[in-house]
Amino acid sequence: MTLNPNSVYGRIISELHGGEKLRSCLQCGMCGGSCPSGPDMDHTPRKLFAMIAAGQDDEVLRSNTFWYCVSCYLCTVRCPQEIPITDIMYHLKHQAIQAGLYTTDAVDFSETFIGHVENYGRAFEFGLATQFYLAHHPLGGLKMGPMALAMLSRGRLNLRPTRIKAVRQLRNILNKAKEIGARG
Amino acid sequence: MKYAYYPGCSAESSASAYDATSQMVAAALGLELEEIKDWNCCGATEYFSIDSLPAYALVARNLALAGRQGTSEVIAPCSACYVNLKKVDERMGDYPQLNSDVNEALAAGNLSYTPGSVRARHLLDVICNEVGCDAVSEKVVRPLAGLTLVPYYGCYIGRPEGGFDDVENPQTLDRLLKGLGATVPDYSLKSSCCGGHMTQIGTEVALGILRGLIDLAAKLGADAMVVACPMCQLNLDVYQNQLNSHFGTTYRMPIVYFTQMMALALGMEAAELKFEEGLVPAGPMLEKWQAAEASPQPRKKKSKKALPMPEPLDGGDSG
Amino acid sequence: MPEDSYEPKIIGFLCNWCSYAGADGAGMARRKQPPNVKIIRVPCSGRVSPELVLRTFMQGADGVMVLGCHIGDCHYGNGNHRTAKRFPVYHRLMDYMGIEKERLWVQWVSASEGQLFAEAVTQFTERLRQMPPMRGKLTTVPSPD
Amino acid sequence: MKIGVYTCHCGGNIAGTVDCEAVTEWAGRLDGVEVSREYKFMCSSLGQELIEEDIKEYGLDRVVVASCSPHMHEPTFRNACQRAGLNPYFLEMANIREHASWVHKDRSEATEKAMALTAASVARVRYNEPLFARLSPVNQNTLVVGGGVAGIQAALEIANAGYHVYLVEREPSIGGHMAQLDKTFPTLDCSACILTPRMFEVGNHENITMLTYSEVEEVSGYIGNFEARIRVRARCINQELCTGCGVCEEKCPAKVVDTIFEAGLGRRKAVYRPFPQAVPKFPVIDQDNCIWFQKGKCRACEKFCPTDAIDFEQDDRILEIEVGNIIVATGYDAFDARRISQYGYARYPNVFTALEFERMTNAAGPTEGNVVLRDGETQPDSIAIIHCVGSRDVRYREHCSRVCCMYSLKFAHMVHEKLPNATVYNFYIDIRTPGKDYEEFYHRLLEEGTVFIRGRAASITDATLTPEEEGKLIVTAEDTLVGRQRRIPVDMAILSTGLEPRHDSHEVARIFSISCSREGFFKERHPKLDPIATMTDGVFIAGCAQGPRDIPDTVVQGAAAAARVLSIIGKGEVEIEAAKAEVNDLTCVGCQMCIESCPYSAIEHLEERQKARVIEALCKGCGTCVAACLSKSITLYHFTDQQLVAQMRGAMDALFELVPA
Ligand SMILES: Cc1cc2nc3c(=O)[nH]c(=O)nc-3n(C[C@H](O)[C@H](O)[C@H](O)COP(=O)(O)OP(=O)(O)OC[C@H]3O[C@@H](n4cnc5c(N)ncnc54)[C@H](O)[C@@H]3O)c2cc1C
Ligand SMILES: Cc1cc2nc3c(=O)[nH]c(=O)nc-3n(C[C@H](O)[C@H](O)[C@H](O)COP(=O)(O)OP(=O)(O)OC[C@H]3O[C@@H](n4cnc5c(N)ncnc54)[C@H](O)[C@@H]3O)c2cc1C
Ligand code: SF4
Ligand code: SF4
Ligand code: SF4
Ligand code: SF4
Ligand code: SF4
Ligand code: SF4
Ligand code: SF4
Ligand code: SF4
């Protein structure tokens with residue numbers, strides 16, 4: 000079967016290393032049965048793959064499945080067809096962001112995180128917590144309050160980020176990578 | 000043997016206890032760790048979701064730096080860092096196009112990396128398989144007798160492409176803890192996921208997962224859960240209070256690093272092992288240990304009618 | 000003639016029991032492959048003398064494949080052991096004649112490895128496409144009769 | 000020289016991709032070609048007659064058929080030539096189907112390749128020489144290896160036709176896996192009841208020499224004339240004296256878990272018969288577990304044996320036999336469930352394998368047919384049966400094991416029958432019931448109330464979440480028909496393990512000069528038209544050794560293999576391939592390089608003349624010696640240098656003409 004290269008399916012197959020293995024999905028449900036986030040996903044990974052094959056691209060990209068994926072790789076190590084499911088989840092997040100079709104704020108979490116990495120070269124847990132929670136879960140953030148305090152008091156949260164020396168070098172590398180990624 | 004050491008971002012903040020005890024234990028076992036100079040964050044699980052090539056390049060920079068320091072193996076105590084390092088190295092080897100793209104990006108920072116030249120190792124792997132559990136237990140001066148410790152590996156050991164232990168039923172930490180003198184029950188959720196970043200974006204989902212993990216450990220009579228990953232520690236420890244108020248439970252399960260427990264058994268002072276960093280206090284567990292005297296385990300009697308039990312595969316000693 | 004339109008001419012000597020059956024298997028499974036390899040059936044890879052290989056190059060072949068059973072699976076017990084032992088001889092002779100050793104492809108392909116066969120054909124053809132044609136490099140030998 | 004070339008369309012198989020008309024036309028212009036024709040189906044009787052008529056009418060002296068693989072139809076066209084009075088070795092085939100039309104898409108590429116292959120065969124056939132296949136008498140004895148139901152069936156068919164059979168079985172008794180089973184699907188007849196009479200018949204047949212506790216170590220020779228060396232392991236029982244009373248077994252103090260016949264669920268003694276109906280009836284002493292052999296104490300069996308039949312001194316015996324044909328029916332191994340650790344076999348006591356469950360439901364088994372948990376007492380209220388364990392999984396076995404859906408249904412039925420109040424869940428991907436009355440059996444289970452959950456079980460754990468789950472095994476799976484995860488608490492789980500090749504199938508294949516397919520099952524000559532024969536003439540395969548199958552199909556294959564052997568015996572003689580090597584006395588310098596190279600030691604050195612000589616009866620025509628002889632003194636008929644070089648040049652010349660560089 001030739002696939003529309005711009006469909007969700009087509010892009011997984013052409014852009015993702017090992018993505019072509021998705022063609023051999025047996026619909027066995029091993030992934031869906033194994034996933035720790037499965038009960039809270041609106042579609043199990045297996046179901047999502049059936050929807051991808053059926054061309055229901057919009058519904059696929061609006062699904063919370065891949066946002067609830069915690070990258071535990073359990074599905075990947077158990078899939079009887081060796082389909083790189085976790086990587087497909089990453090790729091679907093990527094596609095959903097590009098299509099502007101995401102429904103959760105997990106994206107912002109990831110983007111805040113990445114922003115720190117790009118600025119400092121290191122992750123910055125305290126900054127992440129404040130920036131992310133204050134922007135998205137003012138209430139959740141409050142609940143987090145005592146927890147953050149407890150961690151602070153035990154020296155487990157740094158109030159200032161650590162910065163690596165060669166931030167410029169790192170940024171050059173990342174910018175170059177983005178450029179290469181964009182040229183496809 | 001000399002290893003490059005990749006502490007990971009959490010070493011500087013939330014998991015400084017792990018970092019400190021890892022270095023103490025390594026020194027006691029004669030492992031020479033040389034921190035990668037000016038290493039950067041591995042991107043955790045977040046970077047791959049947004050853009051994959053920069054994510055690969057980010058990790059590859061660390062591998063390149065390790066290579067430049069002249070080491071062929073890098074130790075990561077954090078499982079997520081370990082998986083990222085390993086995955087990037089292996090994928091670059093498997094996919095030539097990816098390899099050349101990543102190297103093109105690295106070149107913008109005057110770096111290069113040859114796949115396969117720096118092997119990522121988890122600290123647990125090096126301790127159990129290079130030093131050896133037997134060698135460790137020979138060094139034990141204060142056995143952990145009297146303590147029931149549940150080994151919790153988390154999901155990243157052996158994933159995604161298979162690592163140093165069985166993916167589903169790993170044994171290394173079990174063997175290590177038994178070698179330290181602890182009682183180690185067969186904890187069937189040992190390689191289940193701790194919820195990862197779910198605690199932050201879908202708290203309810205995560206709390207459910209965490210509850211299952213702690214619940215089974217409690218049922219097995221655990222005095223503590225022993226982990227090998229800062230993310231596992233953070234989720235199980237820091238969210239335990241919230242979980243209790245959410246479900247109306249009363250768990251007080253200390254979540255400790257295996258390096259802390261090793262350090263104890265190797266004779267280091269508890270006060271120096273940063274147990275106080277845990278939100279759930281480890282005090283009761285430590286007191287119990289100090290009070291305990293090694294007492295033999297009661298053996299369950301089998302009925303005459305019982306059918307034979309199959310032997311585990313490679314003579315492992317689970318169950 | 001521009002480089003990219005050059006199609007290498009390849010002769011494959013395949014043992015009857017394993018590799019020839021493997022090539023048949025590739026056919027039965029419809030494993031697509033470039034058409035460049037022309038197969039000649041021999042009883043055993045051990046039958047393929049260095050002379051035969053050299054004559055094939057002299058005839059203008061751009062590449063020669065010698066495929067036989069896996070070591071230990073030889074229909075004749077261990078005929079292919081001799082084939083394995085003969086590699087250095089092949090290579091020395093080719094070297095002597097000024098033929099790059101990349102032009103000889105020796106592999107074990109069993110009767111059930113149709114896919115492996117198709118892959119070998121594809122890879123070898125691809126490799127030779129990157130090399131200049133052979134014709135004219137060597138003079139032909141007199142005909143056998 | 001008058002060559003006839005026949006290009007076959009094979010319906011659309013060839014003509015669909017190859018321009019047969021162009022090939023025919025091109026071939027017609029080749030040197031020496033007298034007639035060139037195309038035809039829809041060359042192997043049809045009309046196609047063959049076409050060749051025969053042309054040979055007579057045009058006086059053709061060489062024939063080239065451009066069609067399918069010679070493995071498929073070389074005998075067909077050789078026979079056609081022979082019928083028309085032409086030596087069959089004047090035939091060449093160009094394989095333009097498997098090697099051209101089927102592997103290329105582009106019509107012109109495929110056509111050019113077909114032309115080159117045809118030209119190569121035309122060039123070669125000029126140098127073909129008349130050869131005469133040697134006729135060799137057939138030894139009427141047959142060796143059957145493996146005493147499962149396949150081997151039993153084959154042995155009985157041949158023995159009943161009046162010919163002698165040596166049946167070699169590795170275990171102490173024949174019967175194979177079928178002897179372990181309780182009931183057999185879909186009719187649910189008792190396995191022992193239908194198998195025991197056959198086993199008994201084998202044991203008492205005047206034409207069968209049964210060699211149990213034995214293995215074939217080496218085979219040499221060729222069709223009609225094989226020699227086999229068999230190791231008969233020491234039973235430590237004098238079979239002349241033993242009456243099979245079983246007293247020794249009763250008195251023996253050494254008890255071990257029986258991992259073969261009881262599949263690990265039961266125990267046996269060091270001196271034992273695997274099961275009461277064992278054939279032969281004699282026990283064996285398992286030296287690895289016997290206290291006398293290990294520690295030098297005991298000898299209880301000897302003391303109590305009423306006939307003094309115990310013989311600790313017995314040694315292995317080596318038996319050399321001569322046979323004309325061989326049937327290899329060594330069966331399968333059950334997949335080792337411990338390899339999939341998330342199912343917890345060997346970790347949780349109440350996870351069982353399929354074979355364990357067969358033994359459990361068997362009234363003669365360790366639990367006397369009671370379905371109980373590992374404690375040996377408690378009856379389960381709920382049971383999960385997990386399909387496809389080790390099968391349909393590229394990390395373990397890619398194939399479908401074909402029988403496990405059916406036996407899983409059978410298990411569900413057995414539970415309903417024995418524990419009417421128990422709930423049975425079958426976790427499946429697809430229910431595969433391709434057999435007579437098999438789908439009907441599935442319907443019956445639906446009616447009996449088995450719960451079917453479509454989804455490969457993800458894991459089995461003892462980690463419980465709710466009070467209802469407490470103390471149970473939890474099977475997790477996605478119910479794919481609902482699209483949601485489910486957790487099913489059960490008391491017992493049964494793993495429907497797949498069928499895989501015997502762990503030693505590669506070594507066994509080597510002994511018999513046959514090969515294994517990708518999975519490791521023995522490879523047949525042709526998957527559809529010759530599933531019984533192998534590439535080695537005179538060696539046949541039957542039963543699960545060739546691939547997973549149920550008992551009816553196994554029996555059919557056993558009988559079919561016997562029929563093939565009987566037809567060879569019936570003919571009395573076999574044609575031996577005429578491709579033989581010969582040394583040219585004039586040029587041989589006696590260097591003996593060839594002698595060293597021959598895998599069959601078929602070349603002798605004539606001391607007095609300092610020459611090599613090929614012993615015709617031993618030479619198998621591999622041609623290794625040809626390549627070894629530096630003075631080019633050896634000719635391998637039908638694969639001469641001249642012929643191969645001509646074929647190569649034919650191809651090259653055609654290529655330079657078709658695709659000039
Ligand atoms: C759990 C289970 C339930 C089943 N239930 C049914 C059912 O209800 N109905 C049904 O139709 N089918 C059933 N089957 C399938 C059935 O078992 C097979 O179809 C049948 O047993 C195959 O017989 P066989 O002779 O080919 O192989 P086997 O039974 O495996 O016999 C092979 C014999 O060869 C011997 N052997 C092996 N290697 C050597 C050697 N090197 N030298 C000498 N001897 C050797 C072995 O010891 C064995 O005796 C079931 C299978 C399983 C696993
Ligand atoms: C659409 C289709 C596709 C298939 N594809 C495949 C495939 O790809 N691979 C595969 O393995 N199998 C395939 N099969 C199955 C395959 O066709 C059968 O397995 C096979 O043809 C059975 O052969 P047979 O000799 O038993 O019966 P048949 O082919 O039916 O032959 C029976 C013969 O007996 C003759 N006959 C009938 N009654 C009498 C009588 N009273 N007196 C004298 N002669 C009589 C008939 O005329 C006929 O010639 C396919 C089947 C179908 C329907
Ligand atoms: S486990 Fe693999 S084959 Fe099965 S449904 Fe999921 S992706 Fe498909
Ligand atoms: S990797 Fe993601 S999709 Fe796969 S099992 Fe883990 S959470 Fe579920
Ligand atoms: S001879 Fe071969 S190619 Fe021709 S019709 Fe018969 S099977 Fe097909
Ligand atoms: S060896 Fe003796 S005791 Fe044992 S079965 Fe034979 S006759 Fe009976
Ligand atoms: S000598 Fe061996 S076989 Fe005989 S009774 Fe003792 S243990 Fe059993
Ligand atoms: S027969 Fe059924 S259970 Fe067995 S492998 Fe095939 S589908 Fe799975
Ligand atoms: S290798 Fe050739 S020359 Fe030497 S003994 Fe054999 S046949 Fe004669
Ligand atoms: S062809 Fe030569 S090497 Fe082969 S069996 Fe005959 S004599 Fe031996």
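Protein chains in written order, with numbering that gives the first Met the number 0: chain D, 0 to 183; chain W, 0 to 318; chain H, 0 to 144; chain C, 0 to 660.
Beta carbons: idealized from backbone N, C-alpha and C, even for Gly.
Treat the numbers as computed from the prediction; the structure is a model and nothing was measured.
Residues sharing a beta bridge with residue i, DSSP
i	result
C/R133	C/I575
C/N288	According to DSSP, which records beta bridges pairwise, C/N288 is partnered with nothing at all.
Rounded distance between the beta-carbons of residue j and residue i, thought under 8 angstroms
i	j	result
W/C231	W/G153	4 angstroms
C/C621	H/G45	6 angstroms
W/H245	D/V69	Between D/V69 and W/H245 the Cβ distance is about 19 angstroms, and since that is not below 8 angstroms, they are no contact.
C/R509	H/D72	7 angstroms
C/S100	C/T16	4 angstroms
Secondary structure of residue i, DSSP reduced to three states
i	result
C/A601	coil
C/W101	coil
D/I96	helix
H/G11	strand
W/W288	helix
C/N324	strand
C/K280	coil
C/S458	strand
D/N157	coil
C/N693	There is simply no residue 693 of chain C to check, as chain C begins at 0 and stops at 660 in what is shown.
H/C68	coil
Same chain, Cβ closer than 6 angstroms to residue i, five either side skipped, listed in chain order
i	result
C/E447	H415
C/G589	Q609 and K610
H/H69	W107 and S109
H/L115	V108
C/S596	T623, C624 and A627
Cutoff 8 angstroms; reference residue i; Cβ partners in own chain excluding five residues on either side
i	result
D/Q80	K20, S23, C24 and L25
C/I428	H386, C387, R391, R453, G454 and R455
W/K273	S15, A16, A19, T20 and Q259
W/G108	R60
Delimiting residues of the beta strand (DSSP E) encompassing residue i
i	result
C/R272	Premise fails: C/R272 is in no beta strand (DSSP E) and is neither H nor E.
C/K1	Segment: none, C/K1 is in no beta strand (DSSP E) and carries neither H nor E.
7 angstroms CB neighbourhood of residue i in its chain, flanking five on each side removed
i	result
C/G220	E226
C/C628	M592 and C593
Limits of the alpha helix (DSSP H) - the one that residue i falls within
i	result
D/F187	No information on residue 187 of chain D is available, as it lies outside the stretch 0 to 183 that chain D covers here.
D/R10	V7 to E14
W/Y55	S51 to R67
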